[in-house]
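**Q** Shown below is the structure under consideration.
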Amino acid sequence: MAADIRLDRLLRQAEYCSNGATPLPPPPVSPCRGWHFVRCIDRNAAPSIREGPVKCRRTLPILAPASRPCAASIGIPPYNWRFAPHYKTRNVPTPNPENLLELRDVSFGYGERLVLSGLNMRFPRGKVIAVMGGSGCGKTTVLRLIGGLVHASRGTVDFDGTDVSTLDRDGWFRLRRRMGMLFQFGALFTDMTVFDNVAFPLREHTRLDESLIRDLVLMKLNAVGLRGARDMKPAEISGGMARRVALARTIALDPDLVMYDEPFTGLDPISMGITANLIRKLNDALGATSIIVSHDVAETFAIADYIYFISEGRIAAEGTPDALRASTDPTVRQFIEAQPDGPVKFQYPAPPLAEDFGIGARA
Numbered sequence: 001m002a003a004d005i006r007l008d009r010l011l012r013q014a015e016y017c018s019n020g021a022t023p024l025p026p027p028p029v030s031p032c033r034g035w036h037f038v039r040c041i042d043r044n045a046a047p048s049i050r051e052g053p054v055k056c057r058r059t060l061p062i063l064a065p066a067s068r069p070c071a072a073s074i075g076i077p078p079y080n081w082r083f084a085p086h087y088k089t090r091n092v093p094t095p096n097p098e099n100l101l102e103l104r105d106v107s108f109g110y111g112e113r114l115v116l117s118g119l120n121m122r123f124p125r126g127k128v129i130a131v132m133g134g135s136g137c138g139k140t141t142v143l144r145l146i147g148g149l150v151h152a153s154r155g156t157v158d159f160d161g162t163d164v165s166t167l168d169r170d171g172w173f174r175l176r177r178r179m180g181m182l183f184q185f186g187a188l189f190t191d192m193t194v195f196d197n198v199a200f201p202l203r204e205h206t207r208l209d210e211s212l213i214r215d216l217v218l219m220k221l222n223a224v225g226l227r228g229a230r231d232m233k234p235a236e237i238s239g240g241m242a243r244r245v246a247l248a249r250t251i252a253l254d255p256d257l258v259m260y261d262e263p264f265t266g267l268d269p270i271s272m273g274i275t276a277n278l279i280r281k282l283n284d285a286l287g288a289t290s291i292i293v294s295h296d297v298a299e300t301f302a303i304a305d306y307i308y309f310i311s312e313g314r315i316a317a318e319g320t321p322d323a324l325r326a327s328t329d330p331t332v333r334q335f336i337e338a339q340p341d342g343p344v345k346f347q348y349p350a351p352p353l354a355e356d357f358g359i360g361a362r363a
C-alpha cells in the first residue's frame, strides 16, 4: 500500500508535463521562500496567477531550470520556468515543524448558545488524533471550524502557519485542496459509478489526462480493496463498501489533512475493523495528519495516537488512549464504560413536567 501511494505521488507530477510525459526528478535546490514558479510552453502565453485558482496549476515545491539539458535529450518539450514576482509577499507564514494544525483559545456559538469554549488543541504532522465526546458536545463543529464552514467567535485556527481567519475565497480554495473530508454517511453521488465518484475531485481540481486519472483512481480503489467494484453504483454496494469508496475519494488528491466525521457509524463489526485498519494504514502511507471525530471507543482507541475528550464545550480530558483509560474524571469514565447513570443525564434540561401540563395552575 505504501508503494502504491508513493507511485501515486510520482504519477501526479505528470500534470506539469505535456502529453502526459513524466518529468525527471528535479535538482536538489529550492526556490526562495515567498516565490513560486509558473510553467509556460510559450513564454508570451504564460497564464496570469491572478486569473484564479481554477486556471492555475498546482506548482511543484522544487522545479528544474529552463536550461536543463537532459529534459530535451529524452524528448520532453523545453519548458520555460520563470518567477512570478506578484506572488512574493512580505509576511510569509512560517509553518510549525511539529504541528500541522493548532486551535488556540477557540470559542464558537450559535446565537446565544455557546457550543465550544476556550479550546486549545494541537494536531501533529503524521499522527492520528481523535476528538471524542457525547452526542451534541461539539465534535463535528470542530471540523466545521477547521474547514472554514463556520468561523470562531474568539481565538485562532492556525493551519500550517496560516491564520485561516485571514483567508479570502481564493485562499480557502487553495487551502481546502490540502484537506480531505470523509462525511458521516459517505455522501457519494448516487448517479455516478464507484470509479466516477473517486475520479470526481481529480477531474474538478486538476488538468490530468484521463488515462492518468484512470491509473490514480484504480490505485486508490485498490488501496481500499474495491478495484473490482469500479463499475458499480452506490446502490449496488453495501454500506461498508460505500464508506470505503468515500475514503478512496477523500485521499484522491493526497491531502495533508484528512478529517473523518463518525467513520464507524452504521457499520457492522467486520466493516468497522476494516475501516479502522484502513484509516491507520493510509495515514501512515500518506504521511498525513488525520482527525477522527467519533464516539466509538474500541475502534478509535485502537488507532489513535492522541485523544481530546470534549464535554460541555470544553476539553475535559486529553492524552493517549492508555491515559484516558486510566482517567478518574467521572464524565470520561461514564463515556468509556457506557454507564447509563453519571454526570451526563438522560433528560435534556427542561422545566418540570407538571409545569408543561399546567397541573399546578389548575390546582
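When the sequence shown is numbered by UniProt numbering, its final residue is 363 and no position is left out of the sequence of numbers.
Think of the CB as a built atom: it goes at the ideal place given N, C-alpha and C, for glycine as much as any other residue.
Quick check on residue 190: does DSSP put it in helix, strand or coil?
**A** Coil.
**Q** Let's test the definition: count the other Cβ atoms within 10 Å of the Cβ of residue 166 and tell me whether it reaches 16, buried, or not, exposed.
**A** It counts as exposed.
**Q** Under the three-state reduction of DSSP, which class applies to residue 196: helix, strand or coil?
**A** Reduced to three states, the DSSP call for residue 196 is helix.
**Q** Going by the beta-carbon positions, is the gap between residue 331 and residue 316 smaller than 8 Å?
**A** Yes; because the gap between Cβ atoms is below 8 Å, this pair is in contact.
**Q** May I ask you to verify whether the stretch 186-201 touches the stretch 213-223, counting CB pairs closer than 8 Å and requiring at least 3?
**A** Segments in contact, yes.
**Q** Would you list the one or two residues that DSSP bridges to residue 319?
**A** Beta-bridge pairing links residue 319 to 307.
**Q** When you compare each of 149, 115, 251 to residue 182 by their alpha carbons, which one comes out closest?
**A** Measuring from the Cα of residue 182, the nearest candidate turns out to be 251.
**Q** What do you reckon, are the CB atoms on residue 157 and residue 145 nearer than 8 Å?
**A** For residue 157 and residue 145, yes; Cβs fall inside 8 Å.
**Q** Out of 312, 116, 99, 126, which one is the CA nearest neighbour of residue 254?
**A** Residue 126 is the option with its Cα nearest to residue 254.
**Q** Shortest alpha-carbon distance to residue 290 belongs to which of 216, 276, 227, 298?
**A** Nearest C-alpha to residue 290: 276.
**Q** Suppose the cutoff is 6 Å on Cβ atoms and the five residues either side in sequence are ignored; what does the same chain contact list for residue 234 look like?
**A** For residue 234, where only same-chain residues beyond five positions count, the Cβ hits under 6 Å are 188, 190, 242.
**Q** Excluding the five sequence neighbours on either side, which residues of its own chain have a C-beta within less than 8 Å of the C-beta of residue 155, listed in chain order?
**A** Only 103, 104, 105, 106, 107, 118, 119 meet the Cβ criterion.
**Q** Relative to the C-alpha of residue 111, which candidate in 153, 312, 264 has its C-alpha closest?
**A** Ranking 153, 312, 264 by Cα distance to residue 111 puts 153 first.
**Q** Alpha carbon to alpha carbon, how far is residue 293 from residue 173?
**A** If I take the Cα positions, the gap works out to 23 Å.
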